[in-house]
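A.B. asks:
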Amino acid sequence: MWSDIEKRGRDALTRDMTEMLESGDRVGSFNVTFGDLLFDYSKTQMSTDDREALLTLARQAKLAEKRDAMFNGHRINETEGRAVLHTALRNLSGRSIHVDGADVMPGVLDTLTRMEHFAEAIRDGSFTGQGGAITDVVNIGIGGSDLGPVMAYAALAPYADGPRVHYVSNVDGAHIHDTLKGLDPTTTLVIVASKTFTTIETMTNAETAKRWMAEQVTDPAAQFAALSTAADRTADFGIDPSRVFGFEDWVGGRYSVWGPIGLSLMIAIGPNDFRDFLSGGHEMDMHFCGAPLAQNMPVMLALTGIWHNQGQGHATRAVLPYDQRLLRLPAYLQQLEMESNGKRVSMDGADLKVDSGPVVWGEPGTNGQHAFYQLIHQGSRVVPCEFMVAARGHEPDLAHHHQLLVANCLAQSEALMRGRSLDEARALMAAKGLTGDELDRQARHRVFPGNRPSTTLIYPQLTPHVLGQIVALYEHRVFVEGVILGINSFDQWGVELGKELANSLAPVLAGDDAGADKDPSTRALVAYVQAHRA
Ligand code: F6P
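Residue numbers (this note's numbering): 1299 to 1832.
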């Protein structure tokens, strides 16, 4: 079955997308709408037959059954023996969800209510620091305990009417130093966000923040909250249980923004807008569970991804939001997609027969246009591009900016597809008065191969509800791709070895030990640092 998709994908590489668009109702057929969202994949080389083959692939992988198993609390994360139920965190429908016979929803809703009371108390000033109402919140976390809230906080800036929120993730002391500089510890709340409460970066930063606060605050722990599954460790850290917001092991780190890990976002935008974010995600869940595969947005986004990566052999994909407030979305999606699907063995431990998830990268437009789009348009490798743009911005008095933004977004997908032929380039050079060899030479530099695929996701405006829809859309896209590849999208064993070795190297760097058990290259690097440290 993979050989069929690979053959189809490779055969289609020379297919002319412009001609494809002119025959039949491709535009009407190669898109999916859900609510106010439109996903257009007509600017690809996928034919109707190819799409059918991809849908067959999804059916053969038992996508619908596996999706239902996830939503119904089965332990589909087999290497960790866990259910996968981040969808329960946004289930505001009143439907029960069971894990091993027990309904998880009362606990989820109780924690949501506690979060809301706490967020409101901070926002209305009834929860205070030693110096008065909280003016600043510092969220300390990394990976899934950082990227979700940091991405959503930037995305929803027009809705942020609470205290300022700052995010510290990197163990590099520069990050916490630069963040705390200028903050008043007596009016700052520190949130330690860590599912495990053992992550070295987070715990190191949390201890540093506590010392910083202790310089001016008599009871620093009283201005700390914790978001974690490890109640014993949060207690050891000294955080009162009333400010600990727990969740279960069935919430994966990179899927956790919907629950307690989203507390900083809730404090910033308020519980009502946070609920809108949840309900957007929940609506996408309902669509994913109910829509036929061919009209199912996450499924078609995933199949387009499979087509480009495993089918056509394009090793990377660019996520290009024409939305400055989505500037952290590419980083968020890098974790979501690459930590989930960057695997080389299938569920049963056998080697994958095809490449796994692609390299995901990107930047907001139009900035990227002035940086790496040169390669996208004229480089020798094809990069499928995923454009995103809102029909309207949040600044009515700057509508002309938004018009330019949208024009640029649409122009890029058009340019990628159309390209510019040698004849067209020659005509341009001739019009400038060039002739002979010089005309030919200059024209060749101005040729765009074109026929390069892209997709476009358009939404009305980046509201909390729409952001919820978009994030859930991408989560389910990752799930569908993982099911088709036959991998476990919910573990992340690949991050462990580096952590172990860093733990063994830290004491070496702290002392004069040459690290005898290390390889010669690493020993030489250690020696350099030891020679140059202050
Ligand atoms: O990088 C590995 C990882 O486990 C991620 O999956 C996770 O989001 C991150 O570390 C942070 O983990 P924790 O929330 O337990 O501190």
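The C-beta atom is built at its ideal place from N, Cα and C for all residues, glycine as well.
Predicted model only: the values in this text are computed from it and were never measured.
Leaving out five residues before and five after Gly1640 in sequence, what residues of the same chain have Cβ atoms less than 7 angstroms from its Cβ?
C.D. replies: Only Ser1654, Gly1655, Gly1792 meet the Cβ criterion.
A.B. asks: Is Glu1546 near the ligand F6P, judged by its Cβ being under 7 angstroms from some heavy atom?
C.D. replies: No.
A.B. asks: Compute the minimum distance between the beta carbon of Thr1664 and the heavy atoms of the ligand GTP, and state whether it is under 7 angstroms.
C.D. replies: This structure lacks the ligand GTP; the ligands present are the ligand F6P.
A.B. asks: Assuming Val1549 contacts Leu1383 (C-beta within less than 8 angstroms), just tell me the rounded distance between them.
C.D. replies: That pair is a contact at about 7 angstroms.
A.B. asks: Nearer than 7 angstroms: is that true of the beta carbon of Lys1493 relative to any heavy atom of the ligand F6P?
C.D. replies: Yes, since a heavy atom of the ligand F6P falls inside the 7 angstroms radius drawn around the Cβ of Lys1493.
A.B. asks: Among residues of its own chain, excluding the 5 on either side of Thr1502, which ones have a beta-carbon nearer than 7 angstroms to its beta-carbon?
C.D. replies: Cβ neighbours of Thr1502 beyond the five flanking positions: Val1469.
A.B. asks: Could you spell out the range, first to last residue, of the beta strand (DSSP E) harbouring Phe1586?
C.D. replies: Per DSSP, Phe1586 belongs to no beta strand (DSSP E); it is in the alpha helix (DSSP H), 1569-1588.
A.B. asks: Starting from the C-beta of Leu1755, find all residues in its chain whose C-beta is less than 6 angstroms away, skip the five residues before and the five after it, and write them out in chain order.
C.D. replies: Closer than 6 angstroms at Cβ, skipping near neighbours: Phe1337, Met1686.
A.B. asks: Beta strand (DSSP E) containing His1464: first to last residue?
C.D. replies: Taken as a continuous stretch (DSSP letters only), the beta strand (DSSP E) holding His1464 covers 1462-1466.
A.B. asks: In the DSSP assignment, the beta strand (DSSP E) including Glu1684 goes from what residue to what residue?
C.D. replies: First-last of the beta strand (DSSP E) with Glu1684: 1683-1688.
A.B. asks: Taking the beta strand (DSSP E) that Asp1434 belongs to, which residues open and close that run?
C.D. replies: 1434-1438 is the extent of the beta strand (DSSP E) around Asp1434.
A.B. asks: Quick one, are the C-beta atoms of Leu1478 and Val1435 less than 8 angstroms apart?
C.D. replies: Cβ distance not < 8 angstroms, so Leu1478 and Val1435 don't count as in contact.
A.B. asks: Alpha carbons only, please: which of Trp1300, Asn1594, Leu1703, Thr1411 is nearest the one belonging to Arg1365?
C.D. replies: Ranking the options by Cα distance to Arg1365, first place goes to Asn1594.
A.B. asks: Is there at least one non-hydrogen atom of the ligand F6P closer than 7 angstroms to the beta-carbon of Val1793?
C.D. replies: At least one heavy atom of the ligand F6P is nearer than 7 angstroms to the Cβ of Val1793, so yes.
A.B. asks: Would the beta-carbon of Arg1552 be found less than 7 angstroms away from any heavy atom of the ligand F6P?
C.D. replies: Result yes, Cβ under 7 angstroms from the ligand F6P.
A.B. asks: On the DSSP bridge list, what partners appear for Gly1544?
C.D. replies: According to DSSP, Gly1544 bridges with Ser1526.
A.B. asks: Under a three-way DSSP split, which group does Gly1430 fall into?
C.D. replies: Reduced to three states, the DSSP call for Gly1430 is strand.
A.B. asks: Give the DSSP-derived three-state secondary structure of His1606 in the structure shown.
C.D. replies: Three-state result, His1606: helix.
A.B. asks: To the nearest angstrom, how far is the alpha carbon of Asp1789 from that of Ser1644?
C.D. replies: Cα to Cα, Asp1789 sits roughly 12 angstroms from Ser1644.
A.B. asks: Do you know whose CA, among Cys1683, Met1413, Asp1398, Thr1753, lies nearest Gly1379's CA?
C.D. replies: If we check each option's Cα against that of Gly1379, Asp1398 comes out closest.
A.B. asks: Given Arg1690, which residues of its chain have a CB within under 6 angstroms of its CB, disregarding the five upstream and five downstream residues?
C.D. replies: Excluding positions up to five away in sequence, the list reads Gln1759.
A.B. asks: Please look up how many angstroms separate the CB atoms of Trp1510 and Gly1307, rounded, as I've assumed it's under 8 angstroms.
C.D. replies: The pair is not a contact, with the Cβ atoms about 54 angstroms apart (cut-off 8 angstroms).
A.B. asks: Give the single residue among Thr1485, Val1490, His1372 whose Cα lies nearest to the Cα of Asp1401.
C.D. replies: Nearest of Thr1485, Val1490, His1372 to Asp1401, Cα basis: His1372.
A.B. asks: Runs of 4 residues minimum, wholly inside the region 1332-1362: which ones carry the alpha helix (DSSP H) assignment?
C.D. replies: For the region 1332-1362, whole alpha helix (DSSP H) runs of length 4 or above, ordered along the chain, are 1346-1358.
A.B. asks: Any heavy atom of the ligand F6P closer than 7 angstroms to the beta-carbon of Thr1331?
C.D. replies: Incorrect: Thr1331 has no Cβ contact closer than 7 angstroms to the ligand F6P.
A.B. asks: What residue range does the beta strand (DSSP E) around Tyr1620 cover?
C.D. replies: From DSSP, the beta strand (DSSP E) with Tyr1620 extends over 1614-1620.
A.B. asks: Just tell me which of Gln1428, Ser1492, Glu1546, His1612 has its CA closest to the CA of Ala1519.
C.D. replies: Among Gln1428, Ser1492, Glu1546, His1612, the Cα nearest to that of Ala1519 is on Gln1428.
A.B. asks: Does the region 1693-1700 come close enough to the region 1721-1729 that 3 or more CB-CB pairs lie under 8 angstroms?
C.D. replies: Contact fails: fewer than three Cβ-Cβ distances are below 8 angstroms.
A.B. asks: Can you find a heavy atom of the ligand F6P that lies under 7 angstroms from the Cβ of Glu1637?
C.D. replies: Glu1637: yes, Cβ under 7 angstroms from the ligand F6P.
A.B. asks: From Ser1424 to Gly1430, what does the alpha carbon distance come to, in whole angstroms?
C.D. replies: Cα to Cα, Ser1424 sits roughly 9 angstroms from Gly1430.
A.B. asks: Look up Tyr1757 in the DSSP assignment and give the residues it is bridged to.
C.D. replies: Beta-bridge pairing links Tyr1757 to Ala1688.
A.B. asks: List the DSSP bridge partners of Trp1833.
C.D. replies: The question about residue 1833 has no answer here: the residues shown for the chain are numbered 1299 through 1832.
A.B. asks: For the beta strand (DSSP E) containing Thr1486, name the first residue and the last one.
C.D. replies: Segment 1486-1491, the beta strand (DSSP E) holding Thr1486.
A.B. asks: With burial defined as no fewer than 16 other Cβ atoms inside 10 Å of the residue's Cβ, what is the status of Thr1316: buried or exposed?
C.D. replies: It counts as exposed.
A.B. asks: Figure out for me which residue from Tyr1671, Ala1453, Ile1559, Asp1459 has the closest Cα to the Cα of Asn1706.
C.D. replies: Nearest of Tyr1671, Ala1453, Ile1559, Asp1459 to Asn1706, Cα basis: Tyr1671.
A.B. asks: Suppose the cutoff is 6 angstroms on Cβ atoms and the five residues either side in sequence are ignored; what does the same chain contact list for Glu1418 look like?
C.D. replies: Counting only Cβ-Cβ distances below 6 angstroms, and skipping sequence neighbours, we find nothing.
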